[in-house]
Amino acid sequence: MTIWSIVPIDMILSDAAPPNAYEEIECSGMKCLVEKIGPAQCRVVRILTTDPSDYLRAEMQPGTILTYEPMLKALS
Numbered sequence: 063m064t065i066w067s068i069v070p071i072d073m074i075l076s077d078a079a080p081p082n083a084y085e086e087i088e089c090s091g092m093k094c095l096v097e098k099i100g101p102a103q104c105r106v107v108r109i110l111t112t113d114p115s116d117y118l119r120a121e122m123q124p125g126t127i128l129t130y131e132p133m134l135k136a137l138s
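So the number in my numbering is just where the residue sits in the sequence shown, counting from 1, plus 62.
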């Protein structure tokens, strides 16, 4: 994007909000893009799947708040 303006770029972008940190997780067998809202909670932003039946699942619709626990993997 190119901005042509006589106003300094610092003034234009000074109130720009920082981008939200999204994370891609796998939940219930499908990939989702989520936004972290707490230490163990996240909000579904987008469903990343090609299976049309996954979009009909009410528990994974965008806006749904998920509670999760990190899984620890043993070093081998």
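For every residue, glycine included, the Cβ atom is placed at its ideal position computed from N, Cα and C.
Bear in mind that the values here come from a model prediction, so they are computed numbers and not experimental data.
Check, Outcome
"Under a Cβ-count criterion, where at least 16 other Cβ atoms within 10 Å of its own Cβ denotes burial, should V96 be classed as buried or exposed?", "buried"
"When the distance is taken between beta carbons, is I74 closer than 8 angstroms to I65?", "yes"
"Measuring straight from C-alpha to C-alpha, what distance separates I127 and M92?", "16 angstroms"
"By how many angstroms is the C-alpha of C94 removed from the C-alpha of E86?", "6 angstroms"
"For Y130, which option in T111, L137, C89 and S76 has the closest C-alpha, if you only look at C-alpha atoms?", "C89"
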